[in-house]
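Enquirer: Encoded as structure tokens, here's the structure I'll be asking about.
Below, the structure written as structure tokens:
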């Protein structure tokens, strides 16, 4: 095949990195795109571009100019903006697009979940509570809790928050994967009684849910936003099959 990228992988997730590695191994020309919101990101193998496209018009132009034949949206389940833009731009050009997205978590026996539709609802759920909160929703959502003066927050992020923060808080910086014993120790050390997280799915950060179950801690779980309708797979192997079918002119199964 030509060295020009046939496939654009919108990435930033472990699944995206695995997909890029599989495509490179099969000698399918691919370029991965990262939003650039995290300093020192984990880079996939193969060609990489970092930064935004400039909305639907910019992405549409980029796809056309680079003769992209297949788009794989392997972004985070909560990256709803780029998913919508990708679906619109690919649709305008009649470029096939598929979604690679891990399955969401679901409550297990012994879990105490409060499921809320969005971050604002999670923040309202904590209003007036003198709780010790483990906040793991990412730095871009910290400001939703900034007006809460009754709770104390342990805020875990990869990069430090650049927005307003709650009055009572401590920030810790780390990157998964996380392990059950360490999560239990962390929650015990900080006397956590509420965990706030997004339903990202996957194994990399699941240990915090298992730790919360073990310790009897309430979990405020933010549901995923709605996504454009497109063919969807939950693992990189399935995405490779779809990409291969599309590049060889076969119909989606």
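Numbering (our numbering), first residue to last: 19 to 271.
Ideal placement from N, C-alpha and C gives every residue a C-beta, glycine not left out.
(1) Can you look up residue 215 in the DSSP assignment and give me helix, strand or coil?
(2) Sort out for me which residues DSSP pairs residue 52 with in a bridge.
(3) Do the segment 186–203 and the segment 109–127 meet, that is, are 3 or more Cβ pairs less than 8 Å apart?
(4) Closest by CA to residue 46, which one among 24, 63, 34?
(5) Would you give the residue range spanned by the alpha helix (DSSP H) that residue 78 belongs to?
(6) Between the C-alpha atoms of residue 262 and residue 37, what's the straight-line distance to the nearest angstrom?
(7) Residue 43 and residue 78: beta carbons closer than 7 Å?
(8) Straight-line CA distance for residue 53 to residue 59?
(9) Are residue 167 and residue 148 closer than 7 Å when you measure CB to CB?
(10) Can we say the segment 100–118 touches the segment 72–91, given the rule of at least three CB pairs closer than 8 Å?
(11) Give me whichever residues DSSP pairs with residue 2 in a beta bridge.
(12) Run the CB neighbour count on residue 269, radius 10 Å, all protein chains shown included, and call it buried at 16 or more, exposed below.
(13) Contact between the segment 67–85 and the segment 215–234: three or more CB pairs below 8 Å?
(14) Please classify residue 181: is it buried, with 16 or more other beta-carbons within 10 angstroms of its beta-carbon, or exposed?
(15) Report the residue from 145, 172, 137 whose alpha carbon sits nearest the alpha carbon of residue 162.
(16) Between the Cα of residue 144 and those of 211, 73, 156, spot the shortest distance and give me the residue it belongs to.
(17) Based on Cα-Cα distance, which residue from 251, 222, 132 lies nearest to residue 241?
(18) Since residue 91 sits in a beta bridge, which residues does DSSP pair it with?
(19) Is it buried or exposed for residue 19, if we count other Cβ within 10 angstroms and need 16 for buried?
(20) Between residue 251 and residue 118, what straight-line distance do the alpha-carbon atoms span, to the nearest angstrom?
(21) Is residue 70 near residue 48, with beta carbons less than 7 Å apart?
(22) Going by the beta-carbon positions, is the gap between residue 229 and residue 259 smaller than 7 Å?
(23) Taking only runs that begin and end inside the segment 135–209, name each unbroken alpha helix (DSSP H) of 4 or more residues, in chain order.
Expert: In this structure, then:
(1) Residue state, collapsed to three classes: strand.
(2) Under DSSP, the beta-bridge partners assigned to residue 52 are 68.
(3) Short answer: they don't touch.
(4) Comparing Cα-Cα distances from residue 46 to each of 24, 63, 34, the minimum goes to 24.
(5) 73–83 is the span of the alpha helix (DSSP H), which, as asked, contains residue 78.
(6) The straight-line gap from Cα to Cα measures roughly 12 Å.
(7) Cβ atoms of residue 43 and residue 78: not closer than 7 Å.
(8) Within the model, the alpha-carbon separation for residue 53 versus residue 59 is close to 10 Å.
(9) Taking 7 Å as the Cβ cut-off, residue 167 and residue 148 do not qualify as a contacting pair.
(10) Output reads yes: the segment 72–91 touches the segment 100–118.
(11) Past the edges of the chain, shown from 19 to 271, lies residue 2, and the structure says nothing about it.
(12) Its pLDDT being 48, under 50, residue 269 is placed unreliably by the model, and the measurement read from it follows with that caveat. Classification of residue 269: exposed, given that the 10 Å Cβ count is below 16.
(13) By the Cβ criterion, the segment 67–85 is not in contact with the segment 215–234, since fewer than three pairs of Cβ atoms, one from each stretch, lie closer than 8 Å.
(14) By the neighbour-count rule (16 or more Cβ atoms within 10 Å), residue 181 is not buried but exposed.
(15) Comparing Cα-Cα distances from residue 162 to each of 145, 172, 137, the minimum goes to 137.
(16) It is 211.
(17) Closest by alpha carbon: 132.
(18) Its beta-bridge partners are 28, 117.
(19) Note on residue 19: pLDDT 46, under 50, position unreliable in the model; no value is reported.
(20) So the alpha carbons of these two residues sit roughly 5 Å apart.
(21) Contact flag unset, no.
(22) No. Outside cutoff.
(23) Taken in chain order, the unbroken stretches of alpha helix (DSSP H) that lie wholly in the segment 135–209 and span 4 residues or more are 137–143, 198–207.
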